[in-house]
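Structure record follows, encoded as structure tokens.
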Amino acid sequence: MAISAATSVAISLVLVRSFTRGVLSNAAAVRGTTKARKRRRYVVFEVEAVGELDEKQVEESIEEAFRKLFGDARYVSSGLKLIIYDAKLRRGVIRIYKDHMNELLASMASVRNIAGAQVMLIPLATSGSVRKAARRLKA
Numbered sequence: 002m003a004i005s006a007a008t009s010v011a012i013s014l015v016l017v018r019s020f021t022r023g024v025l026s027n028a029a030a031v032r033g034t035t036k037a038r039k040r041r042r043y044v045v046f047e048v049e050a051v052g053e054l055d056e057k058q059v060e061e062s063i064e065e066a067f068r069k070l071f072g073d074a075r076y077v078s079s080g081l082k083l084i085i086y087d088a089k090l091r092r093g094v095i096r097i098y099k100d101h102m103n104e105l106l107a108s109m110a111s112v113r114n115i116a117g118a119q120v121m122l123i124p125l126a127t128s129g130s131v132r133k134a135a136r137r138l139k140a
């Protein structure tokens with residue numbers, strides 16, 4: 002079975018293309034340009050509770066609810082972190098990757114008890130920058 006010249010050229014072009022793509026993607030990976038940057042969102046929330054709660058209690062309850070609903074792997078990949086919490090205002094800002102926003106909102110809704118006090122976490126606003134979230138926190 003003989004291969005025509007056109008088929009031979011087409012096969013060699015495909016091989017060259019796939020090889021150069023591999024080389025270019027490896028070089029780009031070394032520079033760090035192939036991976037798109039994960040976008041973050043900042044969620045401003047309010048804690049409705051009878052007693053006063055400190056930052057550590059609020060953070061642990063949100064993390065625990067997230068892990069309980071979605072598992073440790075999703076928690077780690079979400080980038081969840083309590084950035085700001087004002088105990089007097091009972092408001093805070095949580096940073097999370099955009100892909101996990103709905104999961105965060107679901108886990109916030111599932112938090113009903115923190116340190117023996119009945120609570121409700123109410124998301125007030127979502128922002129793409131910490132500065133704007135901090136402004137909304139105090140407003």
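Each residue of the sequence shown is one higher than the one before, starting from 2 at the first, in my numbering. For every residue, glycine included, the Cβ atom is placed at its ideal position computed from N, Cα and C.
Gly72 has its alpha-carbon roughly 26 Å from the corresponding atom of Arg92.
A straight-line Cα-Cα distance of about 9 Å links Tyr98 and Tyr43.
Val120 sits buried, since 16 or more C-beta atoms from the chains shown fall within 10 Å of its C-beta. Less than 8 Å separates the beta-carbon of Ala88 from that of Leu54. Residue nearest to Ile95 within the set Asn103, Ile85, His101 and Glu104 is Ile85 (criterion: CA-CA distance).
When rounded, the separation of the alpha-carbon atoms in Lys82 and Glu60 is 8 Å.
The closest CA to that of Met102, considering only Ala116, Gly129 and Arg113, is found on Gly129. Around the beta carbon of Val77, a 10 Å sphere encloses fewer than 16 other beta carbons of the protein chains shown; the residue is thus reported as exposed. Glu47 is bridged by DSSP to Arg92 and Ile123. Under the DSSP assignment, Asp73 falls in the alpha helix (DSSP H) whose first and last residues are Glu56 to Ser79. Distance from the CA of Arg41 to the CA of Ser79, rounded to the nearest whole angstrom, comes to 10 Å.
Across the set Arg137, Ala140 and Ala110, the C-alpha of Ala110 shows the shortest separation from the C-alpha of Glu49. Counting along the chain, the unbroken alpha helix (DSSP H) around Lys133 starts and ends at Val131 to Lys139.
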